[in-house]
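Sequential numbering from 99 applies to the sequence shown in the working numbering.
Cβ coordinates follow ideal geometry from the N, Cα and C atoms, glycine included.
As the structure is a prediction and not an experimental result, all values here were calculated from the model.
Notes follow once the structure below has been shown.
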Amino acid sequence: SRPTIPPIYNGINPHTPNLTILHTNPPIFSIPSFLSPEECDLLITTAHGSFTPAPVVGKDSGQLTPSRTSTTCYLAREDVPGYVDRISHLTGKPVEHCELPQVGRYYPSQQYRSHYDAFDLDDVDGRRFAENGGQRVVTVLVYLNDLAVGRGGCTAFPRLKTSSGEVLRVRPERGKAIVFFPASVDGLLDTDALHAAEPALDTKYVSQVWIRQGEYKGVPTKRLASVHGSGNVNGNNLERHAHYEAQRPYAHYPQQGTLPAATPTLVGSVVPSPSPLVNQNHPMPQQQPYPPQYHRTQ
Numbered sequence: 099s100r101p102t103i104p105p106i107y108n109g110i111n112p113h114t115p116n117l118t119i120l121h122t123n124p125p126i127f128s129i130p131s132f133l134s135p136e137e138c139d140l141l142i143t144t145a146h147g148s149f150t151p152a153p154v155v156g157k158d159s160g161q162l163t164p165s166r167t168s169t170t171c172y173l174a175r176e177d178v179p180g181y182v183d184r185i186s187h188l189t190g191k192p193v194e195h196c197e198l199p200q201v202g203r204y205y206p207s208q209q210y211r212s213h214y215d216a217f218d219l220d221d222v223d224g225r226r227f228a229e230n231g232g233q234r235v236v237t238v239l240v241y242l243n244d245l246a247v248g249r250g251g252c253t254a255f256p257r258l259k260t261s262s263g264e265v266l267r268v269r270p271e272r273g274k275a276i277v278f279f280p281a282s283v284d285g286l287l288d289t290d291a292l293h294a295a296e297p298a299l300d301t302k303y304v305s306q307v308w309i310r311q312g313e314y315k316g317v318p319t320k321r322l323a324s325v326h327g328s329g330n331v332n333g334n335n336l337e338r339h340a341h342y343e344a345q346r347p348y349a350h351y352p353q354q355g356t357l358p359a360a361t362p363t364l365v366g367s368v369v370p371s372p373s374p375l376v377n378q379n380h381p382m383p384q385q386q387p388y389p390p391q392y393h394r395t396q
């Protein structure tokens, strides 16, 4: 019989500041302070007023289900280019392969039970969902607010264990990103990437960007360019609109953060220069993917 070839996962930028390995096989990474507190507040406030019930993907995709009770808002990539630039810099994938940046809200007790981010391509529903951009090969999940120890809301990977033998859980910390690979680069679903958003005692905000094998096209819930009937969005009019929608939930609305300094030693990638998180005039970078570099051992 033909030997089984261990799956290969997408690469990740090893020069990423604060990059931490949470699990090695399959690989899961953590990046504290991937977004600044100000950037987290910006995403929450921008999405406020546009949340809708979050559907599931894969089989019966697009349907509402008790397994997922959160709400979500999809933003246009062009409206938050500094955000998708940073994710492109992290993963080496072109921004065109990124799904629309999503801001999710979980009220107390809401959850997303154990699920996969990728699809079974042997299934008709999975093949249909993969018609737009192919398989999901990278998940970038960013926590936008803190949840204290004991307050729930962790991301749990029920099939993965810590060194002490406990189920791997990641507690939400404001600005922290976790990166994992729901499928191999050739589209094979990784069943060990099963995970869940556990219910919390407090409201939780997250942002997700899934990355496909190829170019993805989507329709955002909200376009920031239409806020004041203008084709240009700057920090000031976005700030005013966000305050209006969110009824001023923050005492001070901060300026947008910037990317960390570019790393000149990266190979196979054009590193974007520092740019605002939100700035519609910022050009999208032309990037080439990093070579796949994580091999699953049997």
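Limits of the beta strand (DSSP E) - the one that residue i falls within
i             : result
threonine 189 : That residue, threonine 189, is in no beta strand (DSSP E); its alpha helix (DSSP H) goes 179 to 189.
arginine 236  : The residue you asked about is not arginine; residue 236 is valine in the sequence shown. Residues 234 to 241.
leucine 219   : Element bounds for leucine 219: n/a, residue is neither H nor E.
leucine 120   : 118 to 122
Beta-bridge pairing of residue i - partner residues as DSSP gives them
i              : result
isoleucine 129 : Ala275
valine 265     : Lys259
isoleucine 110 : Answer by DSSP bridge pairing: none, since isoleucine 110 is not bridged.
proline 151    : Thr169
Residue i - containing alpha helix (DSSP H), residue span
i              : result
isoleucine 142 : 135 to 145
Three-way DSSP call (helix, strand, coil) for residue i in this model
i              : result
arginine 257   : strand
glycine 202    : strand
isoleucine 103 : coil
histidine 195  : helix
arginine 249   : coil
glycine 224    : helix
glutamate 176  : helix
histidine 326  : Unreliable positioning characterises histidine 326 in this predicted model, as indicated by a pLDDT of 33, which lies under 50. A coordinate reading is not provided.
proline 115    : coil
aspartate 244  : coil
Below-9 Å beta-carbon distance, residue i vs any chain C residue
i           : result
proline 112 : The structure shown contains no chain C; it holds only a single protein chain.
field: Segments of 3+ residues assigned as beta strand (DSSP E) that fall wholly inside the region 271 to 324
entry: 275 to 278, 293 to 295, 302 to 310
task = Tell me, please, whether the region 229 to 239 touches the region 272 to 281 by the rule of three or more beta-carbon pairs shorter than 8 Å.
result = yes
Between the region 279 to 296 and the region 255 to 264, do at least 3 Cβ pairs fall closer than 8 Å? yes
Margin query: Check whether the region 168 to 188 and the region 216 to 228 are in contact - that is, three or more C-beta pairs closer than 8 Å.
Written below: no
**Asked** Should the region 167 to 176 be regarded as contacting the region 125 to 134, the criterion being three or more beta carbon pairs within less than 8 Å?
**Response** no
Inter-stretch contact (C-beta, 8 Å, three-pair minimum) for the region 192 to 201 and the region 304 to 321:
yes
Counting pairs of Cβ atoms below 8 Å between the region 244 to 253 and the region 292 to 308, do you hit three or more?
-> yes
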